[in-house]
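Asks:
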DNA sequence: AAAAAACGTTTACAAAAGACAAGAAAAAAT
DNA sequence: ATTTTTTCTTGTCTTTTGTAAACGTTTTTT
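Residue numbers (this note's numbering), protein chains in the order written: chain A, 4 to 195; chain B, 4 to 195.
1) Using the C-alpha atoms, what's the distance from residue 82 of chain B back to residue 102 of chain B?
2) Can you confirm whether residue 145 of chain B, when its beta carbon is compared against all beta carbons of chain A, has any partner nearer than 8 Å?
3) Please go through the region 95–139 of chain A and give each complete beta strand (DSSP E) segment of 3 or more residues, from N-terminal end onward.
4) For the alpha helix (DSSP H) that contains residue 16 of chain A, what are its first and last residues?
5) Between the Cα of residue 190 of chain A and those of A:152, A:157, A:31, spot the shortest distance and give me the residue it belongs to.
6) What residues of chain B sit near residue 39 of chain A, judged by a beta carbon separation below 8 Å?
7) At what residues does the beta strand (DSSP E) containing residue 35 of chain A begin and finish?
8) Given a cut-off of 8 Å on the beta-carbon distance, is the pair residue 70 of chain A and residue 60 of chain A in contact?
9) By how many angstroms is the C-alpha of residue 48 of chain B removed from the C-alpha of residue 116 of chain B?
10) In the DSSP assignment, what are the bridge partners of residue 79 of chain A?
11) Taking the CB atoms as reference points, tell me whether residue 131 of chain B and residue 132 of chain A lie closer together than 8 Å.
12) Could you check which residue in A:155, A:113, A:126, A:119 has the C-alpha nearest to that of residue 17 of chain A?
13) Could you give the distance in angstroms between the alpha-carbon of residue 22 of chain B and the alpha-carbon of residue 171 of chain B?
14) Could you check if residue 128 of chain B is buried or exposed, using at least 16 other CB atoms within 10 Å of its CB as the buried criterion?
15) Select from B:192, B:89, B:187, B:98 the residue whose C-alpha is nearest the C-alpha of residue 63 of chain B.
16) May I ask you to report which of helix, strand or coil DSSP gives residue 64 of chain B?
17) Going straight from the alpha carbon of residue 174 of chain B to that of residue 76 of chain A, what length do you get?
18) Strictly under 8 Å for the Cβ-Cβ distance: is residue 9 of chain A near chain B by that measure?
19) Over the uninterrupted beta strand (DSSP E) stretch that includes residue 41 of chain B, give me the two end residues.
20) Can you pull the chain B neighbours of residue 72 of chain A, defined as C-beta to C-beta under 9 Å?
21) Leaving out five residues before and five after residue 58 of chain A in sequence, what residues of the same chain have Cβ atoms less than 6 Å from its Cβ?
22) Below 7 Å on C-beta distance, what does residue 44 of chain A contact in chain B?
23) For a cutoff of 8 Å on Cβ pairs, would you count residue 127 of chain B as touching chain A?
24) Give me the chain A residues within the contact set of residue 84 of chain B, using Cβ-Cβ distance strictly less than 8 Å, ordered along the chain.
25) Indicate whether residue 183 of chain A and residue 150 of chain A have their beta-carbon atoms separated by less than 8 Å.
26) Going by C-alpha to C-alpha distance, which of A:187, A:37, A:44 sits closest to residue 56 of chain A?
27) List the residues of chain A that residue 65 of chain B touches, going by C-beta distances under 7 Å, in chain order.
28) Nearest CA to the CA of residue 72 of chain B: which residue from A:8, A:154, A:146?
29) Taking the beta carbon of residue 42 of chain A as the centre, do at least 16 other beta carbons fall within 10 Å, making it buried, or is it exposed?
30) For residue 46 of chain B, I'd like the list of residues in its chain whose CB is within less than 7 Å of its CB, leaving aside the five on either flank, ordered along the chain.
31) What is the DSSP secondary structure of residue 177 of chain A, counted as helix, strand or coil?
32) Which class does residue 71 of chain A belong to by DSSP, given the choice of helix, strand or coil?
33) Is there a Cβ of chain A sitting closer than 8 Å to that of residue 175 of chain B, yes or no?
34) Going along chain B in order, which residues have a C-beta closer than 8 Å to the C-beta of residue 124 of chain A?
35) Would you mind giving the Cβ-Cβ distance between residue 54 of chain B and residue 105 of chain B, rounded to the nearest angstrom? I have them listed as a contact below 8 Å.
36) In or out: residue 13 of chain A buried (at least 16 other Cβ within 10 Å) or exposed?
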């Protein structure tokens, strides 16, 4: 069950077998159906998720509208980091878009792991470095690229996402309206 | 000289005096004038910077145009993280906008520090956590807010930035053209 | 199987932004 | 002090996006 998770950690550090057992016992498995809220609006969250199977999104509410700010699929970490780290209420909502399987790590357990496993800080540090690079690239794309460019980049990096996520969610994720994305798609078809 | 730097580290971990001496000896002081390139296009970088005094920006080249993607002032870290971490050539250019004073940390020295100072991973981990939260907020603002909202938010968070950074750089930083920012400013003045 | 909800596209109109060029104003260099 | 460069604003025109509503289709729910 934790197999894919350790495939992930092996990319960053060499946990000992004892480390892995400690880690594994801190992780709890959770199976949830579509539209399950893992983090809710204005609630504190003390959980991080490693997505084994399925699809998640993170969204904000703006004027009653749901604006998707992050989408992810198998074998990645997700959490409402702001709330998780600072202990404040989350303005981000995380929900499943498909029936999903997760590993859940509690904040208290994580803090314990930092003490029990010397490599833990290094592992998280390296994970954050990668996350930072990705986030920087996403931000840069908003500054540098047009919505159309962002859409085609997204498709080339992650073609299956169009099958798994409704277009209107992709639209807000790209920073535009569903109407506008529909027009962009039409424009692309007409070009070719 | 490293006073402000340790004021910064103290927010995250309690380095011992010995730790601080190791750290201080790894940092080199650098004083540079305006328009100095700290990281150049298509060159690898093995340096991180802690800005003691002055102002820096990070920018990209797109179709020959300079697009500013990050601006920072005193007492913060900056670096071309992608190039620094992955060892690839940097597409980001970092330059000073004012005469500046920096502490420079070399990658090899940093790697040494990770071995010599047990708290180092924890310090960087916590620094990255904060950076991540900020970056996430910046990205979210691009998705949620209009250019005008981003501009007024920027001004309220950092009013002095308008005095220190040319408007056309702020414009690209906000994801718009200089022309458009000028019109937004006009619109705001007319409202009040 | 029928009803309800969610989804994707289209249209008309308004608002905003980009491109390009011209000119004024301010800052920097000589 | 004068010249040069950089910066900011304005105007015109085009393109793109947003808003709101309508409509058909697909998916989900009951």
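Even glycine gets a Cβ: it sits at the ideal position worked out from N, Cα and C.
All values derive from a computational prediction rather than experimental measurement.
Replies: Reading off the structure:
1) Stepping through the second chain from its first residue, residue 102 of chain B is reached at position 99. Stepping through the second chain from its first residue, residue 82 of chain B is reached at position 79. When rounded, the distance between both Cα atoms is 18 Å.
2) To locate residue 145 of chain B, count along the second chain from 1; it is residue 142. Chain A contact via Cβ: present.
3) 96–99, 103–109
4) Position 13 of the first chain, counted from the start, is the residue given in the question as residue 16 of chain A. Premise fails: residue 16 of chain A is in no alpha helix (DSSP H) and is neither H nor E.
5) Taking the first chain and counting its residues from 1, the one referred to as residue 190 of chain A is at position 187. For residue 190 of chain A, the nearest C-alpha among the options comes from A:152.
6) By one-based count along the first chain, residue 39 of chain A stands at place 36. Result: empty, since nearest Cβ-Cβ is about 22 Å, beyond 8 Å.
7) One-based indexing of the first chain puts residue 35 of chain A at position 32. Its beta strand (DSSP E) spans residues 30–35.
8) Translated into the one-based positions of the first chain, residue 70 of chain A becomes position 67. Translated into the one-based positions of the first chain, residue 60 of chain A becomes position 57. Contact flag unset, no.
9) On the second chain, position 113 is the one that residue 116 of chain B refers to. On the second chain, position 45 is the one that residue 48 of chain B refers to. The alpha-carbon atoms of residue 116 of chain B and residue 48 of chain B are separated by roughly 18 Å.
10) If you number the first chain from 1, residue 79 of chain A lands on position 76. Residue 79 of chain A pairs with A:54.
11) In the second chain, residue 131 of chain B corresponds to position 128, counting from 1. In the first chain, residue 132 of chain A corresponds to position 129, counting from 1. In contact: residue 131 of chain B and residue 132 of chain A (Cβ atoms closer than 8 Å).
12) Working through the first chain from its first residue, we reach residue 17 of chain A at position 14. Here the closest residue by C-alpha is A:126.
13) Translated into positions along the second chain, residue 22 of chain B becomes position 19. Translated into positions along the second chain, residue 171 of chain B becomes position 168. So the two alpha carbons sit approximately 43 Å from each other.
14) The residue given as residue 128 of chain B occupies position 125 in the second chain. Its Cβ being crowded by 16 or more others within 10 Å, residue 128 of chain B is buried.
15) As a position in the second chain, residue 63 of chain B is number 60, starting the count at 1. Answer by Cα proximity: B:98.
16) Locating residue 64 of chain B in the second chain gives position 61, counting from the first residue. Reduced to three states, the DSSP call for residue 64 of chain B is strand.
17) As a first step, residue 174 of chain B is located in the second chain; it is residue number 171 there, counting from the start. As a first step, residue 76 of chain A is located in the first chain; it is residue number 73 there, counting from the start. Computed Cα separation, rounded: 34 Å.
18) Position 6 of the first chain, counted from the start, is the residue given in the question as residue 9 of chain A. Chain B, which has no Cβ nearer than 8 Å to the Cβ of residue 9 of chain A, makes this no.
19) Residue 41 of chain B sits at position 38 when you count from the first residue of the second chain. Start and end: 40–42.
20) Along the first chain, one-based indexing puts residue 72 of chain A at 69. Going along chain B in sequence order, the residues near residue 72 of chain A (Cβ under 9 Å) are 139, 142, 143, 146, 147.
21) Here residue 58 of chain A refers to the residue found at position 55 of the first chain. The answer, listed in chain order, is 76, 100, 101, 167.
22) Numbered from 1 along the first chain, position 41 holds the residue referred to as residue 44 of chain A. Neighbours of residue 44 of chain A on chain B: none; closest Cβ ~15 Å, over 7 Å.
23) Here residue 127 of chain B is taken as the residue at index 124 of the second chain, counted from 1. Chain A, which has a Cβ nearer than 8 Å to the Cβ of residue 127 of chain B, makes this yes.
24) By 1-based counting over the second chain, the position of residue 84 of chain B is 81. Chain A residues near residue 84 of chain B: 132, 135, 136, 139.
25) Counted from its first residue, the first chain places residue 183 of chain A at position 180. Counted from its first residue, the first chain places residue 150 of chain A at position 147. Result yes, Cβ atoms of residue 183 of chain A and residue 150 of chain A sit closer than 8 Å.
26) Along the first chain, one-based indexing puts residue 56 of chain A at 53. For residue 56 of chain A, the nearest C-alpha among the options comes from A:37.
27) One-based indexing of the second chain puts residue 65 of chain B at position 62. Correct list: 147.
28) The residue labelled residue 72 of chain B in the question sits at position 69 within the second chain. Cα-wise, what sits closest to residue 72 of chain B is A:146.
29) Walking along the first chain from the start, residue 42 of chain A turns up at place 39. Under this definition residue 42 of chain A is a buried residue.
30) By 1-based counting over the second chain, the position of residue 46 of chain B is 43. Answer for residue 46 of chain B: 92, 93, listed in chain order.
31) Sequence index remark: in the first chain, residue 177 of chain A carries index 174 (1-based). Note: residue 177 of chain A maps to coil in three-state DSSP.
32) For this step, residue 71 of chain A is matched to residue 68 along the first chain. Residue 71 of chain A: strand per DSSP, three-state reduction.
33) For the purposes of this step, residue 175 of chain B is taken as residue 172 along the second chain, with counting starting at 1. Yes - at least one Cβ of chain A is within 8 Å of the one on residue 175 of chain B.
34) Along the first chain, one-based indexing puts residue 124 of chain A at 121. Those within 8 Å of residue 124 of chain A in chain B are 124, 125, 128.
35) To locate residue 54 of chain B, count along the second chain from 1; it is residue 51. To locate residue 105 of chain B, count along the second chain from 1; it is residue 102. Indeed, because the Cβ distance is near 6 Å, the residues count as touching under 8 Å.
36) Walking along the first chain from the start, residue 13 of chain A turns up at place 10. Exposed.
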